[in-house]
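Chain order of the listed sequences is U and F. Numbering-wise (the numbering used here), the first sequence opens with residue 1496 and increments by one. Numbering-wise (the numbering used here), the second sequence opens with residue 28 and increments by one.
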Amino acid sequence: MTGTATRTLNAARLQLIPYQTNRFLPWGILGISFAINLLIYSLLGPEDRANGFTGGLASIYVVFFAAYVRAMVQVFPFALGMGVTRRRFYTATALLAVTESVAYGVILYLLRLVEDATDGWGVSMRFFGITYLVQDNPLLQILVYAVPLGLLAFVGVFVGGVFRRWGMNGVYTLAIAVIAVLGGLAALVTWQRWWDALGGWFTDQSPLTLLAGLPAALAAALAAAAFLTIRRATP
Amino acid sequence: MASAVTFHDVSKRFGRFTALDRVGLTVEENTICGLLGRNGAGKTTAMQILTGQITASSGQVHVFGADPYENEELLTRVCFVTESQRYPDGYRVRHVLRAASWLYPNWDGDYVGSLLEDFGLPLNCPVKKLSRGMRSWLGVVVGLAARAPLTVFDEPYLGLDAVARQLFYDRLLADYVAHPRTVLLSTHLIDEVSDLVEQVVLLDSGQVLIDEAADTLRRRAVTVTGSAAAVEEFTRGHVRLHSEQVGSLARVTVEALGEAEHAGARALGLNLESVSLQQLMVRTTARRATPASAVGADATTKETR
Chain U
1496 MTGTATRTLN AARLQLIPYQ TNRFLPWGIL GISFAINLLI YSLLGPEDRA NGFTGGLASI
1556 YVVFFAAYVR AMVQVFPFAL GMGVTRRRFY TATALLAVTE SVAYGVILYL LRLVEDATDG
1616 WGVSMRFFGI TYLVQDNPLL QILVYAVPLG LLAFVGVFVG GVFRRWGMNG VYTLAIAVIA
1676 VLGGLAALVT WQRWWDALGG WFTDQSPLTL LAGLPAALAA ALAAAAFLTI RRATP
Chain F
28 MASAVTFHDV SKRFGRFTAL DRVGLTVEEN TICGLLGRNG AGKTTAMQIL TGQITASSGQ
88 VHVFGADPYE NEELLTRVCF VTESQRYPDG YRVRHVLRAA SWLYPNWDGD YVGSLLEDFG
148 LPLNCPVKKL SRGMRSWLGV VVGLAARAPL TVFDEPYLGL DAVARQLFYD RLLADYVAHP
208 RTVLLSTHLI DEVSDLVEQV VLLDSGQVLI DEAADTLRRR AVTVTGSAAA VEEFTRGHVR
268 LHSEQVGSLA RVTVEALGEA EHAGARALGL NLESVSLQQL MVRTTARRAT PASAVGADAT
328 TKETR
């Protein structure tokens, strides 16, 4: 019971309780979103279906993000009270985020295969195989689904960690800082008339860089920032 | 005996507020120590520091010889039960117990059953729906069944009625005898635990006022009652913790007297009574709170009239 692996596993299990809500809820919500879209598509004429895709997939990303905010805001203080260290909790959360992202990526990939095989669920609906997400290589496809999920998880852990360490004031300060930095950058780009060049740079990048490479780099940066924040967070 | 907990010159500041002010104390292994004090005295802060929840601003804290902060190996041997424990949404009683069984190596699942029965705690009930008393009892169950070598209870009795509190003290004592460990218990209900605790630490405004064996402490102060003149004469030269006067009668609480003085008091026709821990605490802390000890006495006298 005292091995490092066991401890990490236990700290991760705390976050899965209650199992039904935390692991099936994202898919339940995705299912509802799917059903609504399916209904709408079945009412559309063939010409309306032709080029569209749905945004229903976004729901799972939102729920995923929320789950990791909960981990920090609610489960972390409980775990600390039960003698789990910050470092162990963080390690467990990070491993869980990576594992879950990959698992979700695999499931989404399999659903995309079903979607392809059934000609869009019989109504030419592209729910999982959204045009700009589609990759031919299965591994790359899984990455394209998984990496943005992982990014959102670490955004959640970081924001939740900021809340735990500095409270709501910390979160507000963070939000203001992010807006200021992004706004400042936008002003800079406008002032220097770099928009065309920037747009060109984005167009030059492979979808893989945009959908997996950059989010992975950002997720890694957030993971490091989250760790530094959590090291001194209190329940 | 080895020390379970030592504080050396420990201070904790929150901004301008000093919660602990150069606290030094030692709790020996396998004893029950009562941490007493008024609201805001620093009891919870001290407990949070020694269980690694927060860090001290300065000074050294050792638990079983090691710094508790982020000390994983150590913290599995420490169980902290606090009335302010947070439980995640969706957690039910059984989830908390399951989590505790994963995290505490000495967890006794069989013992849990009988503790749950004591209070009729429903396993399937969401923790958020429990009454204040039931939540407290859930903490008690975790604290006792964890059998942690250092068990820290921070006011574990909130919302528990007198019967339930007695049940807790009985259970704690029985389990302590069967499985000796170090127990640190903070409370306002001093007289209720006075037979339970072996060591008493009294905090006031972040400082240790008293740190003594409970036995010694019970003999530490006496109340002298008799005619005002005789009492005045007898208690002159003693540290007066409290005094009150009604008509020609006076009651003065003084620090410990020797055998000879006991005899002298009886010869003067004075009555000597031992002071309960609670009275001693009230007298000691009130004296500090209001430098003119007469203020407390006036209030008491008015009540008496």
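We put the CB at the ideal spot given by N, CA and C, even for glycine.
- The beta carbon of Thr-1586 of chain U does not come within 8 Å of any beta carbon belonging to chain F, so the residue lies off that interface.
- In the three-state reduction of the DSSP assignment, Gly-140 of chain F falls in the helix class.
- Within chain F, no residue has its CB atom less than 8 Å from the CB of Pro-1521 of chain U, the nearest being about 14 Å off.
- In the three-state reduction of the DSSP assignment, Val-258 of chain F falls in the helix class, which pools H, G and I.
- The Cβ-Cβ distance between Ala-1587 of chain U and Ala-1506 of chain U falls below 8 Å.
- Remark: C-beta atoms of Leu-1525 of chain U and Ser-1554 of chain U approach each other more closely than 8 Å.
- Per DSSP, Arg-245 of chain F is one residue of the alpha helix (DSSP H) stretching across 241-245.
- Residue pairing by DSSP puts Gly-64 of chain F in a beta bridge opposite F:Leu-230.
- When DSSP states are grouped into helix, strand and coil, Gln-272 of chain F belongs to the strand group.
- For Arg-159 of chain F, the closest Cβ of chain U is not nearer than 8 Å.
- Under the three-state reduction of DSSP output, Ala-277 of chain F falls in the strand class.
- Under DSSP, Cys-106 of chain F forms a beta bridge with F:Thr-178.
- As DSSP reads the structure, Lys-156 of chain F sits in no beta bridge.
- Here Phe-1622 of chain U is buried: its Cβ has 16 or more other Cβ atoms, across all protein chains shown, within 10 Å.
- Burial state of Asp-202 of chain F is buried, judged by a 10 Å Cβ sphere holding 16 or more other Cβ atoms.
- Partner residues in the beta bridge of Ile-237 of chain F, as assigned by DSSP, are F:Leu-229.
- Bridge pairing for Gly-253 of chain F: F:Ala-277 [DSSP].
- Think of a sphere of 9 Å around the beta carbon of Asn-1505 of chain U: the chain F residues whose beta carbon falls inside it are Ala-126, Trp-129 and Leu-130, in chain order.
- Rounded to the nearest angstrom, the Cβ distance from Arg-1544 of chain U to Ser-1619 of chain U is 4 Å, consistent with a contact under 8 Å.
- Short of 8 Å from the beta carbon of Val-50 of chain F, and not among the five residues preceding or following it, lie these beta carbons of its own chain, in chain order: Phe-34, Asp-36, Val-37, Ser-38, Gly-69, Ala-73, Gly-86, Leu-230, Gly-233, Gln-234 and Val-235.
- Inclusion of Tyr-138 of chain F and Ala-172 of chain F in the CB contact set at 8 Å is warranted, their separation being smaller than that value.
- Your pair Leu-63 of chain F and Val-228 of chain F checks out as a contact, with CB atoms roughly 7 Å apart and the cut at 8 Å.
- Contact check for Gln-1636 of chain U against Tyr-1604 of chain U passes: the beta carbons are separated by less than 8 Å.
- Residue-level contact check: Val-1570 of chain U touches chain F, since one or more beta carbons of chain F fall below 8 Å from its beta carbon.
- The contact set of Phe-1573 of chain U on chain F, defined by CB atoms closer than 8 Å, consists of Gln-112, Arg-113, Tyr-114, Pro-115, Tyr-118 and Ala-126 in chain order.
- Annotation: the continuous alpha helix (DSSP H) that includes Phe-1584 of chain U extends over 1581-1612.
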